[in-house]
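In what follows, a structure is listed as structure tokens, so that the remarks can point back to it.
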Amino acid sequence: NMNTGIASVLLERGRAQQGVIECDELWLPHVLPQLQPNYLVLLNLFRDQLDRSGEIDVVQQCIRRALEESPRTTLLFNADDPLCTAIAQTIPNRCLAFGIAQSLGLAQNTVADAQICQSCSRPLEYAYHQYGQLGDYHCPSCGFSRPDLDFSAQQVHLGPAGVSFSLLGPQPANSPRPEEPEAPAPRYHADLPGAYMTYNLTAAAAAATLLDCPQKAIQQAMSNFAPQNGRLERLTVGTHSALVNLAKNPTGMNQNLRIALSEPRPFVLGVFINDHDADGHDVSWLWDVDFEELATRADARVFAGGIRKHDLQVRLKYAGVPADLVESPRELVAAAQAMSPDCPVFAIANYTALPAVKTGMEQLSKPGAKLPTPQPTATKPTASSESSPIEPPNNGNSSHPADATPSPTPGPSANVPPVVIGHFFPQLLNLYGDGGNVTVLRQRLAWRGIPVEVRPISNHADFQLDDVDLVFLGGAPDREQEIASAALTQHAQELQAFLDAGGPCLAICGGYQMLGRSWILNGQSVPGLGIGAFETRRAGTSRDRLVGNMALRVPGIAHPVTGYENHAGRTYLDHPEQAFGQVVSREGHGNNDYDRADGYAFGSLVATYLHGPVLAKNPELADLLLTRALERWSRRHGMPAPALTPLDDSAELQANAFMADR
């Protein structure tokens, strides 16, 4: 899907008169002007590989630039996606819109990639959501809204076995003449599960209709579509049905989880995550996936595989999902055999993990293949207040002692006030799974039986911090940060008073930058809150970013603090000794290109460029913040602070050690 591969396909085209070519978004400006195709189909835009592409705005601009240099190309776009509509409304090309004309009645995911109008930076409102940011939206401020649909999927039916829908839109050239009775809207069906398949098939049917393909041919193509490339590939392994599929971003993973959760029988689910160049080295997106939905299925057995299996296992732990570590699909099949003869197997993998998973499952599906020995379900003890906070790594491939969700230990009685965590703008400031830090803090209190309340701070009425024990401030794209910073500026005194009174604050990336005297917004230097003794400047362009894994040595913390940095700003401290930590890894920069230091720590404020989220693999840092929060809680209520009893952090420390060793 890049220029060299596309050129190779064109050289081998033979007698083909038409071509359907996939193109990577960032390569589109290099490909589309040379091909000048009849149509460009734009299905959706989701947050993906941020370490490679930066913000979604960068991807949108690539698509705009490509279309402007291919003026004869018609854009066929998903109008249910406001990010696609924003492109269509700002290009001179002919545009045709497709979408789903009804609510599918789906439960909504926690994170969406577009909640702000790109015309006026006000929050979008929805008549209904489908999933992610897709749905029927409008901006009450400027009027930006989902356009009329040229092709609309109607009477949509979703089921475990597949989808069906009617497609209303322009008819092909061989449709009945005006004087003849009007033909009913074509109806299509496919044995492919998942709400997102409705969008895939609607786009395919709309494009084929534009090319004068008759309904019968379109339906025949859908009926004959049997993927063998690991994308929704169905296999039979012994007596078990198996599904192999790709997931490379939060929305795609959520849709895969919905497919698995629609299975009424107990099932085995394996998720394989790599971090090679093609995958994106940053796996923080796992914290934007609603793995918590898996916790509702006690009859499912879940596995974490791939290069970053330790990070995935930690994410699942904090979602309440016990997960074993695996090396290959054979272990999934062994677990399924131990559960029941008809136990389904789901294998989900990102880009570079997919080929090995696909090959492994296909080999097991061959006639006469020797299946693995059934693997009984492991018995996993839960963590307790007597658990050691530091356990040696488990070097085997089976579960570690703590990959089950720890049971809450006996804690304060129910009438004890909760520890209150204030989460600044959770819907705006969550670019790199930052909200996972709040998940970690909340769970580490709950596992100890300490009551906890997470309080969103999203408007002026919420900025009463007197009864808050800890605050968290994440990062976001410029558009969202501009909204958040405007509100924070009006309440800088409240935040300063909170810090002066010993209230702990964790700030990440953009949230860190906003706390200084100045920072960069939309390429321009703007005043910050003036709380921290530092300033942030831009070096070069927005593509001149400091990106990569990083490990810090932080005073008072025994293990290296590991995480991922991805920022264009360069931050300079007035007093270098106030850095949060020193960069000790071979790669990684931190605040700027020179200091080999990251972040800012002064009083009760901890600020860093590390995300991932940073607390997931660094439980000592999480408990340090919680200790300060409990000290404030004790002062507020005049009561002794509950003890932070030790937890079994072996999963977290395995993930930390893996990245530190690397």
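Residue numbers (the working numbering): 125 to 786. Ideal Cβ positions, reconstructed from N, Cα and C, are used throughout, including at glycine.
Exposed unless 16 or more other CB atoms sit within 10 angstroms - verdict on residue i
i           : result
residue 144 : exposed
residue 785 : exposed
residue 629 : buried
residue 378 : buried
residue 647 : exposed
residue 717 : exposed
residue 661 : exposed
residue 408 : buried
residue 285 : exposed
residue 467 : buried
residue 186 : buried
residue 601 : buried
residue 334 : buried
residue 487 : exposed
residue 699 : exposed
residue 624 : exposed
residue 204 : buried
residue 373 : buried
residue 384 : buried
residue 327 : buried
residue 710 : exposed
residue 441 : buried
residue 202 : buried
Of the listed residues the options, nearest to residue i (C-alpha basis)
i           : options            : result
residue 229 : 221, 255, 239      : 255
residue 737 : 687, 330, 317      : 687
residue 689 : 558, 763, 626, 757 : 558
residue 480 : 395, 251, 723, 639 : 395
residue 323 : 310, 127, 225, 657 : 225
residue 453 : 384, 368, 402      : 368
residue 232 : 253, 249, 214, 221 : 253
residue 375 : 349, 366, 414, 397 : 414
residue 167 : 363, 547, 392, 206 : 206
residue 461 : 498, 474, 411, 157 : 498
residue 264 : 271, 248, 258      : 248
residue 292 : 471, 283, 308, 556 : 308
residue 316 : 360, 350, 223, 338 : 350
residue 613 : 649, 148, 639, 227 : 639
residue 266 : 244, 366, 283      : 244
residue 691 : 669, 674, 649      : 669
residue 218 : 274, 242, 720      : 274
residue 680 : 742, 634, 714      : 742
Neighbour flag for residue i against chain C, beta carbons, 8 Å
i           : result
residue 750 : Judged by its chain identifiers, the structure shown contains no chain C, having just a single protein chain.
DSSP-derived helix/strand/coil call for residue i
i           : result
residue 396 : strand
residue 706 : strand
residue 279 : strand
residue 769 : coil
residue 455 : helix
residue 386 : coil
residue 515 : Note on residue 515: pLDDT 29, under 50, position unreliable in the model; the coordinate value appears next. Of the three classes helix, strand and coil, the one that applies to residue 515 here is coil, per DSSP.
residue 760 : helix
residue 162 : coil
residue 126 : coil
residue 436 : helix
residue 260 : strand
residue 136 : coil
residue 335 : coil
residue 581 : strand
residue 156 : helix
Residues that residue i bridges to, as DSSP identifies them
i           : result
residue 448 : 427
residue 219 : 199
residue 471 : 368, 394
residue 643 : 650
residue 675 : 686
residue 292 : 276
residue 691 : 670
residue 358 : 367
residue 631 : 597, 731
residue 660 : 695
Cβ-Cβ separation, residue j to residue i (assumed contact under 8 Å), whole Å
i           : j           : result
residue 190 : residue 435 : Not confirmed; about 34 Å, so no contact.
residue 437 : residue 449 : 6 Å
residue 747 : residue 676 : Contact doesn't hold; Cβ gap of about 17 Å is too wide.
residue 361 : residue 463 : With 8 Å as the limit, residue 361 and residue 463 do not qualify as a contact, their Cβ atoms being about 13 Å apart.
residue 578 : residue 545 : 5 Å
residue 553 : residue 604 : 7 Å
Any non-hydrogen atom of the ligand ZN within 7 Å of residue i CB
i           : result
residue 654 : Questions concerning the ligand ZN fall outside what the structure shown contains, since it holds no ligand whatsoever.
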